[in-house]
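So in our numbering, the last spot in the sequence shown is 198, and the numbers never skip.
Where is the CB? At the ideal position from N, CA and C, for every residue including glycine.
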Amino acid sequence: MKPLKEFVIPFIGLKVGAHQFEYKIGPEFFEYFEYDDFNNVNVDVCVNLVKKETLLELQFKISGIVNVNCDLTNEPFDQFIENEFNLVVKFGEAYDDENIDILILPHGAYELNIQQYVYELIVLSVPIKRVHPGVEDGTLNSDILKRLEELSPKTEDKKETIEDIDPRWNTLKKLLTGK
């Protein structure tokens, strides 16, 4: 996969000190990775790079909105995401990215590709369970929600089953509660 040019930082020409890079991430970024879980994406990425004599420190900050489908109703909604990630880039004999927070580049390296870190940070910022805000506060009118409510077990059935329990078990329950 050919790297996206805008996410390649040529650090060899930068002066020692702090540098800031800003990116606007849209749906075309995720098309590059062939990731189609998002309907739409509008995320701002700010990368603060501090160049030191022997290493680089990067701080990634993202905030924005991804449009995803609700896991319960399949209705699309905008999910706000915000996250941070710190990365230390050191130089060594060979490329090594086994440690999550430390990247080792070969001594002759002159640029750093951050597209994979941006991609993973955005994808991992979205909650595992995606629930439409209208489901939580009861304002969403959806055929799927109505059907789920019709098919859900009724509370009256639970009361009947409690009464149908053998009364001998009630004395054992007293042992658990101490009453």
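Going by other Cβ atoms of all chains shown within 10 Å of its Cβ, with 16 needed for buried, is G36 buried or exposed? By one-based count along the sequence shown, residue 36 stands at place 17. Exposed.
Examine chain C for any beta-carbon lying closer than 9 Å to the beta-carbon of K173, and answer yes or no. In the displayed structure, chain C is absent; only one protein chain is listed.
Under 8 Å by Cβ, that's how I've got V27 and E130 pegged, so tell me the actual separation to the nearest angstrom. Numbered from 1 along the sequence shown, position 8 holds the residue referred to as residue 27. Numbered from 1 along the sequence shown, position 111 holds the residue referred to as residue 130. Yes, V27 and E130 are in contact; Cβ-Cβ is about 5 Å, under 8 Å.
Beta strand (DSSP E) containing S82: first to last residue? Position 63 of the sequence shown holds residue 82. Looking at the DSSP string, the run of the beta strand (DSSP E) that includes S82 is 75 to 88.
Given that a residue counts as buried once 16 or more other Cβ atoms are within 10 Å of its Cβ, and exposed if not, what is G157? For the purposes of this step, residue 157 is identified with residue 138 of the sequence shown, where counting begins at 1. That one is exposed.
Inside the region 88 to 117 only - beta strand (DSSP E) runs reaching at least 3 residues: 95 to 111
Anyone know if the C-beta pair for L74 and L68 falls short of 9 Å? Residue numbering aside, residue 74 sits at position 55 when the sequence shown is read from its first letter. Residue numbering aside, residue 68 sits at position 49 when the sequence shown is read from its first letter. No, Cβ-Cβ distance for L74 and L68 is not below 9 Å.
Can you list, in chain order, the stretches of the beta strand (DSSP E) that have 3 or more residues and sit fully within the region 114 to 142? 121 to 125
From E169 to L91, what does the alpha carbon distance come to, in whole angstroms? Working through the sequence shown from its first residue, we reach residue 169 at position 150. Working through the sequence shown from its first residue, we reach residue 91 at position 72. Cα-Cα distance, rounded: 15 Å.
Is the beta carbon of Y114 less than 9 Å from the beta carbon of P125? Taking the sequence shown and counting its residues from 1, the one referred to as residue 114 is at position 95. Taking the sequence shown and counting its residues from 1, the one referred to as residue 125 is at position 106. Taking 9 Å as the Cβ cut-off, Y114 and P125 qualify as a contacting pair.
Drop a sphere of 10 angstroms on the beta-carbon of F99, count the other beta-carbons inside from all chains shown, and report buried for 16 or more, exposed for fewer. Counting from 1 along the sequence shown, the entry for residue 99 is found at position 80. By the 10 Å Cβ count, F99 comes out exposed.
Cα separation between D63 and E101? Looking up residue 63 in the sequence shown gives position 44. Looking up residue 101 in the sequence shown gives position 82. Approximately 10 Å between the Cα atoms of the pair.
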